[in-house]
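Peer 1: Numbering (the numbering used here), first residue to last: 66 to 358. Every residue gets a Cβ at the ideal spot worked out from N, C-alpha and C, and that includes glycine. Structure incoming, see below.
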Amino acid sequence: MRIESVRAFGAVLLALAVAAAFEAAAQDDARRTMIMRKLEFAGRVLNDAGAISRIEAAPDARARKLLERGAVLYARARAELDAGRLDAADRDLSEALAALGQARRIARDTEAQRAHERARYAQLLSSTESLLESYRRHLLGRGALADASDFALAARLMQEARDRADADTGLIEALRTLEQAEQHLLRGIGHALGARTLAYAPRFATTREEFEFELSRYRALTELVPLAIEQLRPPEQARRRMQAGLERAESARRAALAQAELGLHRAALAAVREAIDGVQQALSAGGLVTPTR
Numbered sequence: 066m067r068i069e070s071v072r073a074f075g076a077v078l079l080a081l082a083v084a085a086a087f088e089a090a091a092q093d094d095a096r097r098t099m100i101m102r103k104l105e106f107a108g109r110v111l112n113d114a115g116a117i118s119r120i121e122a123a124p125d126a127r128a129r130k131l132l133e134r135g136a137v138l139y140a141r142a143r144a145e146l147d148a149g150r151l152d153a154a155d156r157d158l159s160e161a162l163a164a165l166g167q168a169r170r171i172a173r174d175t176e177a178q179r180a181h182e183r184a185r186y187a188q189l190l191s192s193t194e195s196l197l198e199s200y201r202r203h204l205l206g207r208g209a210l211a212d213a214s215d216f217a218l219a220a221r222l223m224q225e226a227r228d229r230a231d232a233d234t235g236l237i238e239a240l241r242t243l244e245q246a247e248q249h250l251l252r253g254i255g256h257a258l259g260a261r262t263l264a265y266a267p268r269f270a271t272t273r274e275e276f277e278f279e280l281s282r283y284r285a286l287t288e289l290v291p292l293a294i295e296q297l298r299p300p301e302q303a304r305r306r307m308q309a310g311l312e313r314a315e316s317a318r319r320a321a322l323a324q325a326e327l328g329l330h331r332a333a334l335a336a337v338r339e340a341i342d343g344v345q346q347a348l349s350a351g352g353l354v355t356p357t358r
């Protein structure tokens, strides 16, 4: 009786052992399957040619180092899995995926930053070119006698900026160079406007000629307003002050033209100068100070 009991108990233990072995094997199979899926995903990341190219092209060296680390850990995980060391394989794969994910984020952030820099460069280049063209069209072409050194230096700086941007590795320096060019242009325009007034004031034969000159000066100043807004980007409160100055200036301009039609050129001259003051106040509110009479 006792022998049969012992045998029955042994059979139970054997059955439990076999069941435990099957359960452990099943768990190992499930874990191996999970690890193989992670391995497959890591392999797809490493074989993504577009992502790898962006990482390798990123100026931040951390991205490339993380990519290299991810590749090394991936290869080691494969070897650990082949050797049946699931814990080591799983650990290496987790670290590999973390490194690869961080590398992709750095490259993506860098690419977005470079796109922003390219857009900012294009905008700033367009603005400085417009400022330079405004000077040439409205001041230089009409005989403004000013020191041209600011404009010559601005033109040289703009070309330097283009060269740096064309290299596609110097956008930050190109932006800084364009900002310098902008400052020279704004200063040169201010000097040119003042020099133009000084150069022409003594040469007017009649009040009507002086009125026509001041009217053209008013037009030149008004064309600087949209450039000042685009380039200097004044805050909303400053823009409201600019708008108020421009409205006063336009009212004075209309009065000046009406008086000029009546032949009242002295009164028209006073009115157009009031209009010029309004535009200058608007420009000053926007950050561009121009010489007054």
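By a C-beta neighbour count over all protein chains shown, 10 Å radius and 16 as the cutoff for buried, is I237 buried or exposed?
Peer 2: Result: exposed.
Peer 1: On the three-state DSSP scale, how would you describe G235?
Peer 2: Note: G235 maps to coil in three-state DSSP.
Peer 1: If you count every other CB in all the chains shown that lies within 10 Å of the CB of T98, and 16 or more means buried, which is it?
Peer 2: It counts as exposed.
Peer 1: Sort Q346, E277, R304 and S316 by Cα distance to G328 and report the nearest one.
Peer 2: Ranking the options by Cα distance to G328, first place goes to E277.
Peer 1: Is there contact here, the segment 174-184 with the segment 142-150, by at least three beta-carbon pairs under 8 Å?
Peer 2: No, the segment 174-184 does not touch the segment 142-150.
Peer 1: Could you say which of L104, V337 and E121 lies nearest to D147 if we only look at CA atoms?
Peer 2: D147 has its Cα closest to that of L104, out of L104, V337 and E121.
Peer 1: The alpha helix (DSSP H) that contains D147, what's its start and end?
Peer 2: Its alpha helix (DSSP H) spans residues A126 to D147.
Peer 1: Buried or exposed for G22, please, with buried defined as at least 16 other CB atoms from any protein chain shown within 10 angstroms of its CB.
Peer 2: For the chain, the structure presents residues 66 to 358; residue 22 sits outside this window and is missing.
Peer 1: Identify, in the order they occur along the chain, each residue of the same chain with its Cβ nearer than 8 Å to the Cβ of A107, setting aside the five sequence neighbours on each side.
Peer 2: Correct list, in chain order: G135, Y139, A142, L158, A161, L162 and L165.
Peer 1: I need the straight-line Cα distance from R127 to R241, nearest angstrom please.
Peer 2: Near 25 Å, if we compare the C-alpha coordinates of R241 and R127.
Peer 1: Answer yes or no: do L132 and I100 have a C-beta to C-beta separation smaller than 8 Å?
Peer 2: Going by C-beta atoms, L132 is not nearer than 8 Å to I100.
Peer 1: Can you give the Cα-Cα distance for E301 and A293, rounded to whole angstroms?
Peer 2: E301 and A293: Cα-Cα distance of roughly 14 Å.
Peer 1: Is the beta carbon of A340 within less than 7 Å of some heavy atom of the ligand GTP?
Peer 2: The model depicted lacks the ligand GTP and carries no ligand whatsoever.
Peer 1: Helix, strand or coil for G108, going by three-state DSSP, please let me know.
Peer 2: G108: helix per DSSP, three-state reduction.
Peer 1: Do L197 and F216 have their beta-carbon atoms positioned less than 8 Å apart in this structure?
Peer 2: The answer is yes: Cβ separation under 8 Å.
Peer 1: What are the boundary residues of the alpha helix (DSSP H) that R318 is part of?
Peer 2: Taken as a continuous stretch (DSSP letters only), the alpha helix (DSSP H) holding R318 covers E301 to E326.
Peer 1: Answer yes if the segment 303-310 comes into contact with the segment 245-254, meaning at least three C-beta pairs across the two stretches below 8 Å, and no otherwise.
Peer 2: No: the two stretches stay apart, fewer than three of their Cβ pairs being nearer than 8 Å.
Peer 1: Please look up how many angstroms separate the CB atoms of V337 and R318, rounded, as I've assumed it's under 8 Å.
Peer 2: Yes, V337 and R318 are in contact; Cβ-Cβ is about 7 Å, under 8 Å.
Peer 1: For the alpha helix (DSSP H) that contains L334, what are its first and last residues?
Peer 2: It spans H330 to G351 - the alpha helix (DSSP H) in which L334 sits, taken as one unbroken run.
Peer 1: Would you call the segment 220-235 in contact with the segment 285-292, where contact means no fewer than 3 C-beta pairs closer than 8 Å?
Peer 2: Cβ pair count under 8 Å is below three, so no.
Peer 1: Taking the alpha-carbon positions, what's the I341 to R331 distance?
Peer 2: Going by the C-alpha atoms only, they are around 15 Å apart.
Peer 1: At 3 residues or longer, what runs of the beta strand (DSSP E) sit wholly inside the segment 158-198?
Peer 2: Listed in chain order, there is nothing to give.
Peer 1: Give me the Cα-Cα distance between A333 and T271, rounded to the nearest whole angstrom.
Peer 2: C-alpha separation (whole angstroms): 13 Å.
Peer 1: Buried or exposed: A350, going by 16 or more other Cβ atoms within 10 Å of its Cβ?
Peer 2: Per the 10 Å Cβ criterion, buried.
Peer 1: Looking only at C-alpha atoms, which of A321, A219, Q346 and L218 sits nearest to R304?
Peer 2: For R304, the nearest C-alpha among the options comes from Q346.
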